[in-house]
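Structure record follows, encoded as structure tokens.
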Ligand code: HEC
């Protein structure tokens, strides 16, 4: 019996060592932060930072266990998916899913439950949820601005060097 337990423990240890060789999960990137939302006050940013930034920004804090497989796989997957859904560090891009944020927080779906197990400080009180919710309304307006005309114009300007002509450069041609 003792021998069986020893073999089991050794096999598990060997398995843990072998899975560390899987390349996925080791690359922890924090790309430069570009543009953040125009937060109404520093306290709102602090709330989002506490509860959301690890998965929804380029300022992820990578704890030691995020370097150890299989936890590293789960963490990286959440950060990749989270940043893809909404990234507070790239507010100069349209964030199509951002308008679900109030709903997700209110229903207790965000922050993810498994995350709260290891980050109890990310838990939001009702008052904190309310204050984030009020902020979402405003941020949504900002986002609809980005996804509209002005955004297209900015991108055309930056990427294609297209400029809106000045009034004195415009000639009206009539048939
Ligand atoms: C542990 C990582 C993690 C944390 C922390 C986290 N999220 Fe997420 N979030 C995800 C992942 C992964 C997804 C994409 C998969 C999904 O929708 O479940 C996501 C998706 C979202 C979406 C898009 C949902 C949809 O279906 O359109 C919103 C909005 C969102 N999160 C808001 C938040 C807010 C607000 C916070 C902070 C209060 C937060 N999240 C905290 C990981 C996280």
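In our numbering, the protein residues as written are -12 to 162.
Every residue, glycine too, gets a C-beta built ideally from N, C-alpha and C.
* Asked: Is residue 77 helix, strand or coil when you go by DSSP?
  -> Three-state DSSP puts residue 77 in a strand.
* Asked: Residues in its own chain within less than 8 Å of residue 125 by CB, not counting five upstream and five downstream?
  -> Sequence-distant Cβ neighbours of residue 125 in its own chain, meaning closer than 8 Å and more than five residues away, are 27.
* Asked: In three-state terms, what does DSSP make of residue 48?
  -> Note: residue 48 maps to coil in three-state DSSP.
* To do: Please find out if some non-hydrogen atom of the ligand HEC comes closer than 8 Å to the beta-carbon of residue 102.
  => The answer is yes for residue 102.
* How many Å lie between residue 63 and residue 76 at the Cα? -> Those two C-alpha atoms are separated by around 17 Å.
* Identify every residue that forms a DSSP beta bridge with residue 22. => According to DSSP, residue 22 bridges with 77.
* To do: Out of 92, 8, 107, point me to the one whose CA is closest to residue 57's CA.
  => For the residues 92, 8, 107, the minimum Cα distance to residue 57 belongs to 8.
* Asked: So the alpha helix (DSSP H) residue 89 belongs to, where does it begin and stop?
  -> That run of the alpha helix (DSSP H) goes 88 to 93.
* Euclidean distance between Cα positions of residue 50 and residue 144 -> Just so you know, the alpha carbons of residue 50 and residue 144 end up roughly 40 Å apart.
* Asked: Does the beta-carbon of residue 112 have 16 or more other beta-carbons within 10 angstroms, so that it is buried, or is it exposed?
  -> Its Cβ having fewer than 16 others within 10 Å, residue 112 is exposed.
* To do: Hey, could you find the ends of the alpha helix (DSSP H) residue 100 is sitting in?
  => Per DSSP, residue 100 belongs to the alpha helix (DSSP H) from 100 to 105.
* To do: Could you check if residue 98 is buried or exposed, using at least 16 other CB atoms within 10 Å of its CB as the buried criterion?
  => If you draw a 10 Å sphere on the C-beta of residue 98, you find 16 or more other C-beta atoms in it, and that means buried.
* Asked: So residue 42 is in the alpha helix (DSSP H); what residue range does that whole segment cover?
  -> Residues 40 to 43.
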